[in-house]
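Report on the following structure.
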Amino acid sequence: MCQCKNPPRLSRSFFTRDGITLARELLGKILVHETPLGPVRGVITETESYMGETDKASHAYGGKRTERTEPMYHIGGTSYVYLIYGMYSCMNIAAMGEGTPQAVLLRSVVPADEESGERMLRLRLDVLNRKQINRGLAPYTPGQCPSGLKKHLADGPGKLCAAMGITRTDNGVDMAESGSFYVTEGILVAPEKIRAGKRVGIDYAEEAADYLWRFYVEPSELMARN
DNA sequence: CGGCTGATCGTG
DNA sequence: ACGATCAGCCGA
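Taking the numbering used here, the leading residue of the first sequence gets 618, the next gets one more, and so forth.
Shown next as structure tokens:
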């Protein structure tokens, strides 16, 4: 599927831009995570911008700099992975430079190749099965898994992290330097193919809840290669 | 497909 | 107490 199986990771200058530019530029790029199963590659199809201390939806709103939000304050390219609702992880990439806590939430990916798709399915099953066992129920096997799992492999921030094996141990990684967690070129997305909408799950953010800071491409638009 | 709900735990 | 969520269940 890829002409070039191992393109180089994107370097610092890609990440040290403002959060809106970075969110748009990340569409079509490939997120790569080395897992015990091998590399998992996902084409990024949906992102959200969190614009720092003045953004009421941001964890850094009002200059809240704590142990949790610290990675957002680090240099562009730093990962910010946090636990939400007690059971899911959300994956962000810091934008801008040191001290400016803008970030991009990665909301959705699709497998970049068949091998990645198989690994995503297994990683999703691992997470689901932990809950099954916890409830005293029989674990799913790769053959008979919940219907809809393949269709909704990584189309949500929690599902994206589960499918790519991303946990809080991946928090604070410099993705411009790391050899196991990084972003590469992927599919060219023309600017006119980028849709925008309101960010999800931030009803508390008053006027900021209406900003069109969620960006996405229809999977059918992912055709041309770099 | 759309709406509702319980699950579950680190953070401040 | 409260989430930058998800899966399961319900009704249409």
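Cβ atoms here follow ideal geometry from the backbone N, Cα and C, with glycine treated the same way.
All values derive from a computational prediction rather than experimental measurement.
What would DSSP say about residue i, mapped onto helix, strand or coil?
i	result
M781	helix
I692	coil
Y757	coil
P625	coil
S837	helix
V817	coil
I637	helix
V744	helix
A720	strand
L738	helix
Could you tell me whether the Cβ atoms of residue i and residue j are closer together than 8 Å?
i	j	result
G782	T695	no
R724	E665	yes
A712	A825	no
A771	G659	yes
G775	Y697	no
V817	L648	no
T662	L639	no
E802	P688	no
I637	W830	yes
Output the distance between the C-alpha atoms of residue i and residue j, rounded to the nearest integer angstrom.
i	j	result
G714	T633	6 Å
M737	T717	33 Å
G760	Y690	44 Å
S797	L722	19 Å
I750	V726	27 Å
L777	G753	26 Å
A678	D672	Note on residue identity: the sequence assigns Tyr, not Ala, to residue 678. Using only the alpha carbons, I get a separation of about 6 Å.
L740	T758	12 Å
I811	D635	17 Å
R629	M792	9 Å
G680	C707	21 Å
K815	L839	22 Å
M668	V806	23 Å
T784	G703	13 Å
R685	Y821	20 Å
E743	K646	First, the residue type needs correcting, since residue 743 is Asp and not Glu in the sequence shown. Straight-line Cα distance between these residues: approximately 26 Å.
I710	A720	5 Å
S733	F631	24 Å
N843	G789	Because the pLDDT at N843 is just 46, under 50, the model does not fix this residue reliably, and the value given afterwards should be weighed accordingly. If you take the alpha carbons of N843 and G789, they lie about 29 Å apart.
F832	P656	26 Å
R641	K748	35 Å
H862	D827	Residue coverage of the chain in this structure runs from 618 to 843, which leaves residue 862 outside it and unanswerable.
Tell me, which residues are paired with residue i by DSSP?
i	result
L654	DSSP output for L654 lists no bridge partner at all.
C707	Y699
V727	V660
F631	None, per the DSSP bridge assignment.
T801	R626 and I647
State yes or no: is the C-beta of residue i nearer than 7 Å to some heavy atom of the ligand SAH?
i	result
R626	Because no ligand of any kind appears in the structure shown, any question about the ligand SAH cannot be addressed here.
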